[in-house]
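Engineer:
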């Protein structure tokens, strides 16, 4: 998903840069509409990928919180005393 | 050597620099394919979010500024005769005289033809989109100056309000020279271009054999 958004951003940037370097009417209109549309879509796609990544990482983190014997919680020095 | 002389050029330079940075970040990601850790996410947020946003904002403003300029209006080939006359230092047409005026400068087409009202800039740009559509559908395959295409005409009558942005209709000299017509001009019954009609002499509509209803 991130790769698609990166490729989309490259296409959009090339579109917009071309419209600035060669300001022809059709190119300007396309860059201001399609180019910006692709860029926004790419950003939304990236934010979605980050949100999914955060969701999956937090889902992985929940069992480690429930289990105090995991290396993470022991090394962090939790406030609860270790079981006897 | 690239040099910056105006705000428009500065905005263009910023937009191009940010576009280049954004592309660099994207290429870096494609080549390296790093793990999506905090640093990668921050880099991508810059490359996919912040830089494109700056490109979009500065590019839009710079492009909008450029669309006001005479070279942009003249970039469609059907505007060739209008552009040649406006840029002719020997021409005495209204378009040429106003284009030589430094107050109009490069924006002489827009200054006279933009709608003079509260949302004039927006309605003018809407008409610009209409121009583009008509150009593609009706004029794209016409001759070097638009020969063979339909006659070019204004969407609505040219109003004297555009002239009166600079030429005051209450100035003593103007009132004296316009005599009885002064009130009719002010009220809109008469238009400035009814008499001052040597505006675009090279336009196709001014050439021998041109049809009726064409623009002046």
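Residue numbers (the working numbering), protein chains in the order written: chain A, 533 to 616; chain B, 10 to 225. Every residue, glycine too, gets a C-beta built ideally from N, C-alpha and C. Note that the coordinates shown come from a computational prediction; the quantities given were computed from them, not determined experimentally.
Taking the alpha carbon of residue 83/B as the reference point, which residue from 179/B, 187/B, 154/B has its own alpha carbon closest?
Structural biologist: Taking the second chain and counting its residues from 1, the one referred to as residue 83/B is at position 74. Checking every option, the nearest Cα to that of residue 83/B belongs to 154/B.
Engineer: Would residue 590/A be called buried (16 or more neighbouring beta carbons within 10 Å of its own) or exposed?
Structural biologist: Within the first chain, residue 590/A is the residue found at index 58, counting from 1. Flag for residue 590/A reads exposed.
Engineer: Could you run through the region 162–186 of chain B and flag, in chain order, every residue whose CB is less than 7 Å away from some CB of chain A?
Structural biologist: Against chain A - using a Cβ distance shorter than 7 Å - the region 162–186 of chain B contributes no residues.
Engineer: Please compile the residues from chain B whose C-beta is within a distance smaller than 9 Å of the C-beta of residue 574/A.
Structural biologist: Start at 1 with the first residue of the first chain, and residue 574/A comes out as number 42. Ordered by position in chain B, the residues that pass the 9 Å Cβ test against residue 574/A are 57, 61.
Engineer: At the level of alpha carbons, what is the spacing between residue 538/A and residue 38/B?
Structural biologist: For the purposes of this step, residue 538/A is taken as residue 6 along the first chain, with counting starting at 1. For the purposes of this step, residue 38/B is taken as residue 29 along the second chain, with counting starting at 1. Cα-Cα distance, rounded: 8 Å.
Engineer: Please state whether DSSP places residue 131/B in a helix, a strand or coil.
Structural biologist: Position 122 of the second chain holds residue 131/B. It is helical.
Engineer: On the three-state DSSP scale, how would you describe residue 68/B?
Structural biologist: Your numbering for residue 68/B matches position 59 in the second chain. Reduced to three states, the DSSP call for residue 68/B is helix.
Engineer: Pull up the distance between the alpha-carbon of residue 576/A and that of residue 16/B, whole angstroms please.
Structural biologist: As a first step, residue 576/A must be located in the first chain, where it is residue number 44. As a first step, residue 16/B must be located in the second chain, where it is residue number 7. Between residue 576/A and residue 16/B, the C-alpha separation is close to 31 Å.
Engineer: Am I right that residue 118/B and residue 79/B are in contact with their C-beta atoms under 8 Å? What's the rounded C-beta distance?
Structural biologist: What you label residue 118/B is simply residue 109 of the second chain in a count that begins at 1. What you label residue 79/B is simply residue 70 of the second chain in a count that begins at 1. Between residue 79/B and residue 118/B the Cβ distance is about 5 Å, and since that is below 8 Å, they are a contact.
Engineer: Could you name the residues of chain C that residue 542/A contacts, counting a contact when the two beta carbons are closer than 7 Å?
Structural biologist: As a matter of chain content, chain C is missing from the structure shown, whose protein chains are A and B.
Engineer: Have a look at residue 88/B and residue 164/B and give me their C-alpha separation to the nearest angstrom.
Structural biologist: Numbered from its first residue, the second chain carries residue 88/B at position 79. Numbered from its first residue, the second chain carries residue 164/B at position 155. If I take the Cα positions, the gap works out to 16 Å.
Engineer: Looking at the C-beta of residue 568/A, does it have a partner C-beta in chain B at a distance below 9 Å?
Structural biologist: Translated into positions along the first chain, residue 568/A becomes position 36. Judged by the 9 Å Cβ criterion, residue 568/A is in contact with chain B.
Engineer: If contact is defined by three or more beta carbon pairs under 8 Å, each pair taking one atom from either stretch, is the region 183–193 of chain B in contact with the region 104–117 of chain B?
Structural biologist: Short answer: they don't touch.
Engineer: Taking all protein chains shown into account, do 16 or more other C-beta atoms lie within 10 angstroms of the C-beta of residue 606/A, making it buried, or fewer, making it exposed?
Structural biologist: Taking the first residue of the first chain as 1, we reach residue 606/A at position 74. With a pLDDT of 43 at residue 606/A, under the threshold of 50, the predicted position of this residue should be treated as unreliable, though the coordinate-derived value follows. Exposed is the call here.
Engineer: Check residue 182/B in the structure and name its three-state DSSP category.
Structural biologist: If you number the second chain from 1, residue 182/B lands on position 173. If DSSP states are grouped into helix, strand and coil, residue 182/B belongs with the helices.
Engineer: Ignore the nearest five residues each way along the sequence and tell me which others in residue 61/B's own chain have a CB closer than 7 Å to its CB.
Structural biologist: As a first step, residue 61/B is located in the second chain; it is residue number 52 there, counting from the start. 31.
Engineer: Just confirm the distance between the C-beta atoms of residue 533/A and residue 68/B, as a whole number of angstroms; I'd bet it's less than 8 Å.
Structural biologist: As a first step, residue 533/A is located in the first chain; it is residue number 1 there, counting from the start. As a first step, residue 68/B is located in the second chain; it is residue number 59 there, counting from the start. The pair is not a contact, with the Cβ atoms about 26 Å apart (cut-off 8 Å).
Engineer: Buried or exposed: residue 126/B, going by 16 or more other Cβ atoms within 10 Å of its Cβ?
Structural biologist: Position 117 of the second chain, counting from 1, holds the residue named residue 126/B. Classification for residue 126/B: exposed.
Engineer: Does the beta carbon of residue 39/B sit closer than 9 Å to a beta carbon anywhere in chain A?
Structural biologist: As a working note, residue 39/B is residue 30 in the second chain. For residue 39/B, the answer is yes, since a Cβ of chain A falls inside 9 Å of its Cβ.
Engineer: Under a Cβ-count criterion, where at least 16 other Cβ atoms within 10 Å of its own Cβ denotes burial, should residue 570/A be classed as buried or exposed?
Structural biologist: For the purposes of this step, residue 570/A is taken as the residue at position 38 of the first chain. With 16 or more other Cβ atoms within 10 Å, it is buried.
Engineer: Any heavy atom of the ligand COA within a distance shorter than 8 Å of the CB on residue 134/B?
Structural biologist: Ligands are entirely absent from the displayed structure, and the ligand COA is therefore not among its contents.
Engineer: Identify the contact partners of residue 75/B in chain A, using a Cβ-Cβ distance below 7 Å as the criterion.
Structural biologist: On the second chain, residue 75/B is found 66 positions in, with the first residue counted as 1. By Cβ distance, chain A contributes 555.
Engineer: Looking at C-beta atoms only, is the number of pairs between the region 135–148 of chain B and the region 90–107 of chain B that lie closer than 8 Å three or more?
Structural biologist: Output reads no: the region 90–107 of chain B does not touch the region 135–148 of chain B.
Engineer: Assign residue 85/B to one of three DSSP states: helix, strand, or coil.
Structural biologist: As a working note, residue 85/B is residue 76 in the second chain. Reduced to three states, the DSSP call for residue 85/B is coil.
Engineer: Whose C-alpha, out of 208/B, 111/B, 27/B, 140/B, is nearest the C-alpha of residue 159/B?
Structural biologist: Within the second chain, the letter at position 150 stands for residue 159/B. When only C-alpha atoms are compared, the closest one is 140/B.
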